[in-house]
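**Q** Using numbering that gives the first Met the number 0, the first residue of the sequence shown is number 0, and each one after it goes up by one.
The C-beta atom is built at its ideal place from N, Cα and C for all residues, glycine as well.
The structure under discussion is supplied below as structure tokens; questions concerning it will follow.
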Amino acid sequence: MSVDTSPEAQQDTPKQSSLSTAAARNLATTTKSAPQMQEISSRWLLRMLPWVETKGGAYRVNRRLSYTVGDGRIEFVQDGARVRVIPRELGELALLRGFEDEEVLNALAGRCVQRDFGAGEVLVTRGTPAEEIHLVAHGRINQTSLGKYDDEVAVAVLADGDRFGENALLDADARWDYTATAETAGTLLTLSRAEFAAVLASSSALQAHIEAFSSLPLQRQNKHGEAEIAMSAGHTGEIALPGAFVDYELKPREYELSVAQTVLRVHTRVADLYNGPMNQTEEQLRLTIEALRERQEHELINNREFGLLHNADFKQRIQTHSGPPTPDDLDELLCRRRGTKLFLAHPRTIAAIGREWNARGLNPGTVDLDGQQVLSWRGVPLLPCNKIPITKENTSSILAMRLGEDNQGVIGLRQTGLPEEYEPGLSVRFMGISEQAIMSYLVTTYYSAAILVPNALGVLENVEIARRH
Numbered sequence: 000m001s002v003d004t005s006p007e008a009q010q011d012t013p014k015q016s017s018l019s020t021a022a023a024r025n026l027a028t029t030t031k032s033a034p035q036m037q038e039i040s041s042r043w044l045l046r047m048l049p050w051v052e053t054k055g056g057a058y059r060v061n062r063r064l065s066y067t068v069g070d071g072r073i074e075f076v077q078d079g080a081r082v083r084v085i086p087r088e089l090g091e092l093a094l095l096r097g098f099e100d101e102e103v104l105n106a107l108a109g110r111c112v113q114r115d116f117g118a119g120e121v122l123v124t125r126g127t128p129a130e131e132i133h134l135v136a137h138g139r140i141n142q143t144s145l146g147k148y149d150d151e152v153a154v155a156v157l158a159d160g161d162r163f164g165e166n167a168l169l170d171a172d173a174r175w176d177y178t179a180t181a182e183t184a185g186t187l188l189t190l191s192r193a194e195f196a197a198v199l200a201s202s203s204a205l206q207a208h209i210e211a212f213s214s215l216p217l218q219r220q221n222k223h224g225e226a227e228i229a230m231s232a233g234h235t236g237e238i239a240l241p242g243a244f245v246d247y248e249l250k251p252r253e254y255e256l257s258v259a260q261t262v263l264r265v266h267t268r269v270a271d272l273y274n275g276p277m278n279q280t281e282e283q284l285r286l287t288i289e290a291l292r293e294r295q296e297h298e299l300i301n302n303r304e305f306g307l308l309h310n311a312d313f314k315q316r317i318q319t320h321s322g323p324p325t326p327d328d329l330d331e332l333l334c335r336r337r338g339t340k341l342f343l344a345h346p347r348t349i350a351a352i353g354r355e356w357n358a359r360g361l362n363p364g365t366v367d368l369d370g371q372q373v374l375s376w377r378g379v380p381l382l383p384c385n386k387i388p389i390t391k392e393n394t395s396s397i398l399a400m401r402l403g404e405d406n407q408g409v410i411g412l413r414q415t416g417l418p419e420e421y422e423p424g425l426s427v428r429f430m431g432i433s434e435q436a437i438m439s440y441l442v443t444t445y446y447s448a449a450i451l452v453p454n455a456l457g458v459l460e461n462v463e464i465a466r467r468h
């Protein structure tokens, strides 16, 4: 192969007449961004919670005396297709609250009969005798009744852990006030009055417990279960006025501050030689604090001890009527408390809400929040929180809450004035330099949350967020 080296061929090859950009870049100063981080979210919960100073590391919630009547969910264990109720979980029933005889509870659990049902099946019919209690192990059940004008009205929607017919165990004349229809396939465990009576007849301990339960001073309770304050109104003349006092809980709940910590390590050579134009230690600390705040918000939602999802009162948990989040569901959640300040939902749940609005031709409103326009319903902002879990069945929850100590709402707890405090409630302590010339900083934040009265927080559960075809 020959190469043409003639002068004519060399004239066709362009010659470099200036410095190339690749070489010039070696002498240039690069403009760069600060380190970026995908984990950072809007963290609306941390921004909106009123933070209460918690000296001593604990916050005690004093309330009026309430009579506890067993409002919790019942849990089950599954062995293949067989479902059994956990015996101690029967203590969540009102008439068995506080009863701890394991032998008797085991006997009652063993007499529960499993019943599998299909979608559309009528489980109980209004007006018929009620002779058993039904424990919902799995599925959704819709309760309906007749309204004032003989039209069918919705009463409630039940799901896993709920029950109905509890009064049938002691009242021989009990009748169903509603019709219960299965919306999905599922499983019930049924305990009949006859089976309960058989166990009751053989246990003196259970007999004494039921007698004590039957003598509870129901006449001294208001509709919230609180000890009643006696008073007189609308009277005339000089009648003797009743005396009154406000009784308190003898063992109020205390919330201890939780902690999130990490140790930040930075090599001294990095801090000494590569500190411009950005301070390496400051950037490392900034991203560490962002991650710590994300974890803090996650714990405020999901922690089993103080997290909002796990501490919401069972009376304040409701189910969707059809699966997807409809305006009716949000209205029911909203009407259960006064002064609701915000809804909190996963971004995918908010997208599902938007689809339901669009399907109904509704135009969602917006409100101004800290200079930002956010979606709202009935004037209450609907804020995203990606810490609310989504189940494998593509369901999630929506929280509605009242805020503030003065409003008997939900509050955040923290302690400020910490040694070497970097931000309110967050400290950064220098721990020294190791023999490998690595500097260590202990980054700590203390926090918790408290629900001052049960109706300060409500949860719409089992919200279907998958797109329907």
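#1: Going by DSSP, what residue range makes up the alpha helix (DSSP H) through H297?
#2: Can you tell me the Cβ-Cβ gap for G411 and L48, rounded? I've got them flagged as a contact below 8 Å.
#3: Tell whether a beta-carbon distance below 8 Å holds between F305 and S375.
#4: Pick from V154, C334, R316, R268: whose alpha carbon is nearest that of Q435?
#5: Among Q142, P86, R110, Q279, which residue has its Cα nearest to the Cα of E99?
#6: Going by beta carbon distance, what residues of the same chain come within less than 6 Å of M430, once the five residues before and after it are set aside?
#7: Tell me the residue span of the alpha helix (DSSP H) that contains D327.
#8: State the DSSP-derived secondary structure class of P13, mapped to helix, strand or coil.
#9: Please return the same chain residues whose Cβ sits closer than 6 Å to the Cβ of N141, not counting the five positions on each side in sequence.
#10: Among the residues of its own chain, which have a CB less than 7 Å from the CB of R335, if the five just before and after it don't count?
#11: What three-state label does DSSP hand T178 in the structure shown?
#12: Need the endpoints of the alpha helix (DSSP H) that G109 sits in, please.
#13: Please report the residue range of the beta strand (DSSP E) in which A21 lies.
#14: How big is the Cα-Cα spacing for E420 and Y446?
#15: Report the rounded CA-to-CA distance for G403 versus E289, giving the unit in angstroms.
#16: Assign I504 to one of three DSSP states: helix, strand, or coil.
#17: In the DSSP assignment, what are the bridge partners of N141?
#18: So is S201 buried or exposed if we call it buried at 16+ other beta carbons inside 10 Å?
#19: How would you call L122, buried or exposed, if buried means at least 16 neighbouring beta carbons within 10 angstroms?
#20: Who are W43's beta bridge partners in DSSP?
#21: On the CB-based measure, 16 or more other CB atoms within 10 Å of its CB, does T365 come out buried or exposed?
#22: Whole angstroms are fine: how far does the CA of A153 sit from the CA of T143?
#23: Could you name the residues of the same chain whose beta carbon sits closer than 8 Å to that of Q495, not counting the 5 residues immediately before and after it, in chain order?
#24: Roughly how many whole angstroms lie between the Cα atoms of L381 and L263?
#25: Taking 8 Å as the cut-off, decide whether the C-beta atoms of R162 and L134 are in contact.
#26: Give me, in chain order, the residues of the same chain whose beta-carbon lies closer than 8 Å to that of T287; leave out the 5 immediate sequence neighbours on both sides.
#27: Suppose the cutoff is 8 Å on Cβ atoms and the five residues either side in sequence are ignored; what does the same chain contact list for W356 look like?
#28: Exposed or buried, K250, counting other C-beta atoms within 10 Å across all chains shown (16 or more means buried)?
#29: Are the beta-carbon atoms of H211 and R192 separated by less than 8 Å?
#30: Are the beta-carbon atoms belonging to G185 and G138 less than 8 Å from one another?
#31: Under three-state DSSP, which class holds Q315?
#32: Buried or exposed for L104, going by 16 or more other Cβ atoms inside 10 Å?
#33: Who are the near neighbours of L368 in its chain, counting only those whose CB is closer than 6 Å to its CB and skipping five residues on each side?
#34: Taking the Cβ atom as the reference point for each residue, do A358 and P324 lie within a distance shorter than 8 Å?
#35: Is the Cβ-Cβ distance between A259 and E298 less than 8 Å?
**A** Quick answer:
#1: As a first step, residue 297 is located in the sequence shown; it is residue number 298 there, counting from the start. Note, H297: alpha helix (DSSP H), 279-301.
#2: To locate residue 411, count along the sequence shown from 1; it is residue 412. To locate residue 48, count along the sequence shown from 1; it is residue 49. Their Cβ separation, rounded to whole angstroms, is 4 Å, which keeps G411 and L48 in contact under 8 Å.
#3: For this step, residue 305 is matched to residue 306 along the sequence shown. For this step, residue 375 is matched to residue 376 along the sequence shown. Contact flag unset, no.
#4: The sequence position of residue 435 within the sequence shown is 436, counting from 1. Among V154, C334, R316, R268, the Cα nearest to that of Q435 belongs to R268.
#5: The sequence position of residue 99 within the sequence shown is 100, counting from 1. Of the candidates Q142, P86, R110, Q279, the residue whose Cα lies closest to the Cα of E99 is P86.
#6: Working through the sequence shown from its first residue, we reach residue 430 at position 431. For M430, where only same-chain residues beyond five positions count, the Cβ hits under 6 Å are S439, L441.
#7: Within the sequence shown, numbered from 1, the residue matching residue 327 stands at position 328. Element bounds for D327: 326-333.
#8: In the sequence shown, counting from the first residue as 1, residue 13 sits at position 14. P13 falls in the coil class under three-state DSSP.
#9: Start at 1 with the first residue of the sequence shown, and residue 141 comes out as number 142. So the qualifying residues of the chain are V156, T180, E182.
#10: In the sequence shown, counting from the first residue as 1, residue 335 sits at position 336. Close CB contacts of R335 within its chain, under the 7 Å cut and outside five residues either way in sequence, are with Q315, N454, G457 (chain order).
#11: Position 179 of the sequence shown, counted from the first residue, corresponds to residue 178. Strand at T178.
#12: The residue labelled residue 109 in the question sits at position 110 within the sequence shown. Run containing G109: 101-109, per the alpha helix (DSSP H) assignment.
#13: If you number the sequence shown from 1, residue 21 lands on position 22. No beta strand (DSSP E) contains A21, which is instead part of the alpha helix (DSSP H) from 20-23.
#14: Taking the sequence shown and counting its residues from 1, the one referred to as residue 420 is at position 421. Taking the sequence shown and counting its residues from 1, the one referred to as residue 446 is at position 447. Straight-line measurement puts the Cα of Y446 at about 14 Å from the Cα of E420.
#15: Position 404 of the sequence shown, counting from 1, holds the residue named residue 403. Position 290 of the sequence shown, counting from 1, holds the residue named residue 289. If you take the alpha carbons of G403 and E289, they lie about 25 Å apart.
#16: The structure shown does not extend to residue 504, since the chain spans only 0 to 468, so no value can be given for it.
#17: Taking the first residue of the sequence shown as 1, we reach residue 141 at position 142. In the DSSP output, where bridge partners are listed per residue, N141 has V156, T180.
#18: If you number the sequence shown from 1, residue 201 lands on position 202. Label assigned to S201: exposed.
#19: One-based indexing of the sequence shown puts residue 122 at position 123. With 16 or more other Cβ atoms inside 10 Å of its own Cβ, L122 counts as buried.
#20: Within the sequence shown, numbered from 1, the residue matching residue 43 stands at position 44. Residue pairing for W43: DSSP places it in no beta bridge.
#21: For the purposes of this step, residue 365 is taken as residue 366 along the sequence shown, with counting starting at 1. Exposure of T365 is indicated by the presence of fewer than 16 other C-beta atoms within 10 angstroms of its C-beta.
#22: Walking along the sequence shown from the start, residue 143 turns up at place 144. Walking along the sequence shown from the start, residue 153 turns up at place 154. If you take the alpha carbons of T143 and A153, they lie about 4 Å apart.
#23: This structure does not reach residue 495, given that the chain is present from 0 up to 468, and the question cannot be answered.
#24: What you label residue 381 is simply residue 382 of the sequence shown in a count that begins at 1. What you label residue 263 is simply residue 264 of the sequence shown in a count that begins at 1. Straight through space, the alpha carbons of L263 and L381 are spaced by roughly 36 Å.
#25: For the purposes of this step, residue 162 is taken as the residue at position 163 of the sequence shown. For the purposes of this step, residue 134 is taken as the residue at position 135 of the sequence shown. Judged by beta-carbon spacing, L134 lies within the 8 Å limit of R162, meaning their Cβ atoms are closer than that value.
#26: Within the sequence shown, the letter at position 288 stands for residue 287. Here the set comprises T261, L263, V442.
#27: Numbered from its first residue, the sequence shown carries residue 356 at position 357. Cβ neighbours of W356 beyond the five flanking positions: P326, N362, P363.
#28: On the sequence shown, residue 250 is found 251 positions in, with the first residue counted as 1. Exposed is the call here.
#29: Taking the sequence shown and counting its residues from 1, one reaches residue 211 at position 212. Taking the sequence shown and counting its residues from 1, one reaches residue 192 at position 193. With the sequence shown as reference, residue 211 is identified as Ala, and His is not the correct amino acid for it. Against a cut-off of 8 Å, the Cβ pair of R192 and A211 comes out as no contact.
#30: Counted from its first residue, the sequence shown places residue 185 at position 186. Counted from its first residue, the sequence shown places residue 138 at position 139. For the 8 Å CB-CB criterion, G185 and G138 form a contact.
#31: Locating residue 315 in the sequence shown gives position 316, counting from the first residue. Three-state result, Q315: helix.
#32: Counted from its first residue, the sequence shown places residue 104 at position 105. It is buried - the Cβ of L104 has at least 16 other Cβ atoms within 10 Å.
#33: Start at 1 with the first residue of the sequence shown, and residue 368 comes out as number 369. P380.
#34: For the purposes of this step, residue 358 is taken as residue 359 along the sequence shown, with counting starting at 1. For the purposes of this step, residue 324 is taken as residue 325 along the sequence shown, with counting starting at 1. The answer is no: Cβ separation not under 8 Å.
#35: By one-based count along the sequence shown, residue 259 stands at place 260. By one-based count along the sequence shown, residue 298 stands at place 299. Yes, these two residues count as a Cβ contact at 8 Å.
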